[in-house]
Each structure stands twice: as structure tokens, then as C-alpha cells.
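Under the working numbering, the residue at position 65 of the sequence shown is numbered 66, and the numbers go up by one with no gaps.
Glycine is no exception: its CB is placed at the ideal position from the N, C-alpha and C atoms.
Data first, discussion second: the structure below is written as C-alpha cells.
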Amino acid sequence: MLEEIEILISNEEISTRVKEIARQISEDFYEEDVLLVGTLKGAIYYMIDLSREIQGCNVFLDFIKVRSYGKETISSGQINLDLDLSEDITNKNVIIVEDIIDTGNTLVYLKEELMKRNPKSLKICVLLDKKDRRLQGNDVFVDYTGFTIEDKFVVGYGLDYDQQYRTLPYVGVVKKLVKKD
Ligand code: IMP
Ligand code: MG
2 MLEEIEILIS NEEISTRVKE IARQISEDFY EEDVLLVGTL KGAIYYMIDL SREIQGCNVF
62 LDFIKVRSYG KETISSGQIN LDLDLSEDIT NKNVIIVEDI IDTGNTLVYL KEELMKRNPK
122 SLKICVLLDK KDRRLQGNDV FVDYTGFTIE DKFVVGYGLD YDQQYRTLPY VGVVKKLVKK
182 D
């Protein structure tokens, strides 16, 4: 229910920032091919909006899906690859587009996994960074950060709580989590 969500980052703020990040990527990969690898499902809106703002380079899209084993094992960083890329990335410029970096487990895993496949370059682009939550040892470098946020559970613009709220046009904080029967 929408009244439980407090807007943290408005749709206008997101749009402005998306354009800025897209401009940086356009400059970094001017006249080159670049493959955006979006993480399902959270990064879909960010990846699609970003991809349409990148200019002067040839943009390709692919998707990957990972799952962590749940709260009780999250500190061990157990990640499962649920859906792999559709194509080979050898010798390609790859940018992983992720909705949010929290402990860092997911991106450490994804970076390691994709590096094994010998891309020409591999960069990381996140919409949100909960910097204070990073686990020790997970010092993954984020090349493009949309917003750094506090340690609050956020939803919207792709991010979910129990698969809900992904379609909100803004990023909001869940004020009160209502348990469903
Ligand atoms: P990490 O592996 O701990 O960095 O977590 C990254 C993943 O956890 C993200 O891709 C999200 O799916 C999920 N996540 C972390 N924080 C939030 C949040 O505040 N809202 C929704 N999903 C989150
Ligand atoms: Mg995610």
C-alpha cells in the first residue's frame, strides 16, 4: 500500500542522475561497443532508462539473475546463478548494471564470475549504494554510482519487498512492513 512508502529519491531526481551517468558512460566508451548486463529483476528500469540515454556508442543488452541463499547464510556470501547471459562476453566491454549494492556479496560474485570469461573490460554501475553495509573483504569498486543512501530498506524503480512495489516510479523507504498472511 502506497501510504506506507516515503519518497526518498523522486522520479525527477532519478531521471537527472540517469542522464548524468549515461553521459559518463557515453564519454568512456565513445564510438565503441558496450554491453549492459542487467541483473534481474531489480535493475530492469534503471538499465532500460540508462541505455536509452547513452549516445555515441553501440549499446547491447543482456540479463543475468542471481540469488543469495537467504538471510541465515548471507554473511557466507553464498550466491546462486539462476539465469546466465545469452551470449559470450569474451573481448567485449561489459558493464554490470545492478539496482543496489548492500553487503557486496552479489557484485563480488558477479565480477569474479564474469572476469573468468575474459571480457575486454568490466565495469560496475549501481543505482544505489548502501556504503555502510559493506561486509569486510567485499571491497568491490563501483565505477558508476547513482546515489549513496543510508541503511534503510528501499523499494521502487525496480526494487522490491517480497516482489511488491517494483513499479513505483520513485525510490521510497518502507515505513512499516506489513506481514502478509
Ligand atoms: P548484496 O549482495 O548484499 O550487496 O545485496 C544486493 C541485493 O540485495 C540487491 O540486488 C537487492 O536485490 C537486495 N537488496 C539489498 N538492499 C535492498 C533494499 O533496500 N531493498 C530491496 N532490495 C535490496
Ligand atoms: Mg538485485
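Residue j beta carbon less than 7 Å from that of residue i
{"i": "R118", "j": "I97", "result": "no"}
{"i": "R24", "j": "G147", "result": "no"}
{"i": "E33", "j": "C58", "result": "yes"}
{"i": "D100", "j": "L160", "result": "yes"}
{"i": "K131", "j": "D152", "result": "yes"}
{"i": "Y47", "j": "L128", "result": "yes"}
{"i": "I22", "j": "Y162", "result": "no"}
{"i": "V38", "j": "I65", "result": "yes"}
{"i": "N139", "j": "V109", "result": "yes"}
{"i": "V155", "j": "V174", "result": "yes"}
Terminal residues of the alpha helix (DSSP H) in which residue i lies
{"i": "T17", "result": "12-29"}
{"i": "V109", "result": "106-116"}
{"i": "D100", "result": "Unbroken run through D100 is the beta strand (DSSP E), 94-102; no alpha helix (DSSP H)."}
Span of the beta strand (DSSP E) around residue i
{"i": "D63", "result": "59-69"}
{"i": "S52", "result": "Where S52 is concerned, there is no enclosing beta strand (DSSP E), although the alpha helix (DSSP H) it sits in stretches over 45-54."}
{"i": "L123", "result": "122-130"}
{"i": "T149", "result": "145-149"}
{"i": "V38", "result": "34-41"}
{"i": "I80", "result": "80-84"}
{"i": "V172", "result": "172-175"}
Among the options, the one whose alpha carbon lies nearest that of residue i
{"i": "C126", "options": "S11, V172, V95", "result": "V95"}
{"i": "E13", "options": "S27, V172, K176", "result": "V172"}
{"i": "V60", "options": "Q165, G157, Y46, K93", "result": "K93"}
{"i": "G157", "options": "R167, D163, T149", "result": "R167"}
{"i": "L111", "options": "L136, E7, I10, V141", "result": "V141"}
{"i": "T40", "options": "D63, D130, R134, D103", "result": "D63"}
{"i": "Q137", "options": "L115, L160, G105", "result": "G105"}
{"i": "K42", "options": "K20, F30, V67, I102", "result": "V67"}
{"i": "L122", "options": "V175, I26, F154", "result": "Going by the sequence as given, residue 122 is Ser instead of Leu. When each option's Cα is compared against that of S122, the closest is I26."}
{"i": "I1", "options": "E5, I49, Y31", "result": "No answer is possible for residue 1: it lies beyond the span of the chain, which begins at 2 and ends at 182."}
Test: residue i CB closer than 7 Å to a CB of chain D
{"i": "Q165", "result": "Absent from the structure is chain D; it holds one protein chain and no more."}
* To do: Please determine if the stretch 81-89 and the stretch 50-59 are in contact, where contact requires at least 3 C-beta pairs separated by less than 8 Å.
  => no
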